Structure formats: structure tokens, C-alpha cells
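Visitor: First the structure, which I've put down as C-alpha cells, then a few questions once you've had a look.
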Amino acid sequence: MKILKFLKYKFIDARRAIAKKRSGIVEFKEYGLRLYSGPQGSGKSMSMVEQLERYRLKFPDLLIATNFFYKHETMGIKSLSEIPVLSRIARENGFCGVVIGWDEIQNDFDNSVRSFPITILRTITQQRKQGIKILATSQVFTRVAKPIREQTFEVVECKTLLGRWTFQKWFDPLNYEFCIQNPDKKEKLSTIGRHSFIQTDEIRELFDSYAVIDSLDQRVEDDEKVISAVFGKVNESL
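Numbering-wise, the sequence shown is residues 14 to 251 according to the numbering used here.
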């Protein structure tokens, strides 16, 4: 009978879990993309950092990669296309899992399916198999590229009281987007979780709040160089 086979393998799973726990092995089982949303000053970046700290303290062997110079990151990351490399590094070096922190993710891809890099799409759809959790921020959920929104597991709305006390409301992404498209239904939107924390000086010193701004400035500078080079060649041909 299927029920007996089910119980048999659940018993096997339980024995394996107990054996790992006794041997000191801590498994990181989280995966998927969590998106922190809110206007400037709402505490979304701080919320991501606070979660990274909780992960780091609970899972010392976790590989952490960010694009905003988180103080305790294992390494930096410049593109989500690097995820397969991070996964391989984690497997080959005994890390228990991978967590990626990506600040202002809407700046990296426009809200278009056609222009979204297929290699990155393949990567983020394999998060569970690769044991990867992605934490990201965006001021507005719908400004994030649709392929990324479709891979989101939790949407977290952030609000901060007097610059110190940050409150979070967690939502199912499908219900959340439906209510955005149908504002009259928003009052029926229920939360799937809540969390709050105090922004201590220690948490604030854990990341470079200007890192993403600097990277955008560099990107603009690079684009200007390309444009200047193109127009220079056009003028020469004339």
C-alpha cells in the first residue's frame, strides 16, 4: 500500500535527520527568492541585512554573497549569472548552502520578459535543486522584471518607525500581485507572517549603503563611454 511505503520512507528520512543532528551537521533547507519591498527609508535593505545576520549566526558554514559589501559576506557578486559558480564553490568547499543578498534588484533588469537574459532565468528557476536562497530589495514589487516576480516565494513589506523600529508583513506573491492589479481586493489580502526588529548601530555598520549607488554611477559612466565612442566613429565617417 502507498500509505505504508510513505510511512516507511518518512521514517528513513527521520533517522537520517537525527543522525546528521547528532553528528553536528546543520542543514540549510531554505530556497527561493524573498523580495523586500518599500519606499526609501522603509527599512528594506536593513531588513535584508538583519536576515543575513540571523542566517550567518545559525548556519556558520553558509556561503553568503552580496552586491552591497555586507561585512560578513563570503564573497561579492556582480551578476546573478554567477549563481552556478557559487553553487559549485559551495559544494566543493563544504558549505551547507548559499544565500545571495541583492540590493535594488529592479535596477539590473527592465520589466520585460523578452529582454531578460535566458541564462539568468534558467539559473533562478533552479534554486531549489542548487540549495540557494536569494534575498532582494526593490522599492516597488511590480518594477521588478516579471521572470523574477514569478520566482518569488515571499513578498515582505517594510515600514520603519522613527528610523529605528522596523516592521515587516509577509505576503504570498501571487495574492500580493493580484491585489496590486485589483486595488479593491487589497483589504482581503492576508499576511503569511510578521517580523520586527530594532535597527541597532551594529546592524547599520554591517553594509555599505552607497555600494549600489556607486555601481550605478560606474554603469552610467561606462554607458557614456560607449555612446561617446559610437558617436565619435559616426562623426569620423561623416
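Glycine residues also receive a C-beta, built at the ideal position from the N, C-alpha and C atoms.
Quantities reported herein were computed from a predicted structural model and do not represent experimental measurements.
By the DSSP assignment, the alpha helix (DSSP H) with residue 184 in it spans what residues?
Guide: Residue 184 -> not in any alpha helix (DSSP H); beta strand (DSSP E) instead, spanning 178-184.
Visitor: Please work out which residues of its chain come closer than 8 Å, Cβ to Cβ, to residue 50, disregarding the five sequence neighbours upstream and downstream, and give them in chain order.
Guide: Here the set comprises 57, 150, 151, 152, 153, 154, 168, 169, 170 and 171.
Visitor: Could you spell out the range, first to last residue, of the alpha helix (DSSP H) harbouring residue 148?
Guide: Per DSSP, residue 148 belongs to no alpha helix (DSSP H); it is in the beta strand (DSSP E), 145-151.
Visitor: Taking 8 Å as the cut-off, does the stretch 208-218 touch the stretch 56-70 (at least 3 CB pairs, one atom from each stretch)?
Guide: With a cut-off of 8 Å, the stretch 208-218 and the stretch 56-70 count as touching, because enough Cβ pairs lie within range.
Visitor: Tell me the DSSP bridge mates of residue 72?
Guide: In DSSP, residue 72 forms no bridge with anything.
Visitor: Quick check on DSSP: helix, strand or coil for residue 165?
Guide: Looking at residue 165 - three-state DSSP - the assignment turns out to be strand.
Visitor: Would the stretch 98-116 count as touching the stretch 76-83 if we require 3 or more Cβ pairs under 8 Å?
Guide: Flag = yes, the stretch 98-116 and the stretch 76-83 touch.
Visitor: Which stretch, first to last residue, makes up the alpha helix (DSSP H) that contains residue 98?
Guide: Residues 96-105.
Visitor: Buried or exposed for residue 93, going by 16 or more other Cβ atoms inside 10 Å?
Guide: That one is buried.
Visitor: Out of curiosity, what's the CA-to-CA distance linking residue 83 and residue 69?
Guide: Cα to Cα, residue 83 sits roughly 12 Å from residue 69.
Visitor: Where does residue 232 sit, in a helix, a strand or coil, going by DSSP?
Guide: Summary for residue 232: the model assigns pLDDT 46, below 50, so the residue's position carries little reliability; its value from the coordinates is reported in the next sentence. Residue 232 falls in the helix class under three-state DSSP.
Visitor: The beta strand (DSSP E) that contains residue 216, what's its start and end?
Guide: Note, residue 216: premise wrong, no beta strand (DSSP E); alpha helix (DSSP H) at 214-217.
Visitor: Throw me the rounded Cβ distance for the residue 174 and residue 64 pair, which I believe falls under 8 Å.
Guide: Between residue 64 and residue 174 the Cβ distance is about 19 Å, and since that is not below 8 Å, they are no contact.
Visitor: Along the beta strand (DSSP E) that carries residue 208, what are the first and last residues, could you check?
Guide: It spans 206-211 - the beta strand (DSSP E) in which residue 208 sits, taken as one unbroken run.
Visitor: Once you ignore the five residues that flank residue 220 on each side, which residues in its own chain have a CB closer than 7 Å to its CB?
Guide: The residues are 62, 81, 82, 83 and 84.
Visitor: What does the Cβ neighbour count give for residue 194, buried or exposed, with the cut at 16 atoms within 10 Å?
Guide: With fewer than 16 Cβ atoms within 10 Å of its Cβ, residue 194 is classed as exposed.
Visitor: Leaving out the 5 sequence neighbours to the left and right, which residues in its chain are closer than 8 Å to residue 100 when beta-carbon positions are compared?
Guide: So the qualifying residues of the chain are 111, 143, 144 and 145.
Visitor: Taking 7 Å as the cut-off, is the beta-carbon of residue 17 closer than that to any non-hydrogen atom of the ligand FAD?
Guide: Looking for the ligand FAD in the displayed structure turns up nothing, as the structure carries no ligands at all.
Visitor: Quick check on residue 58: does DSSP put it in helix, strand or coil?
Guide: The answer is helix: DSSP assigns residue 58 an H, G or I state.
Visitor: DSSP beta-bridge partners for residue 172?
Guide: Looking at the DSSP assignment, residue 172 forms a beta bridge with 180.
Visitor: By the DSSP assignment, the beta strand (DSSP E) with residue 90 in it spans what residues?
Guide: Taken as a continuous stretch (DSSP letters only), residue 90 belongs to no beta strand (DSSP E), as it is neither H nor E.
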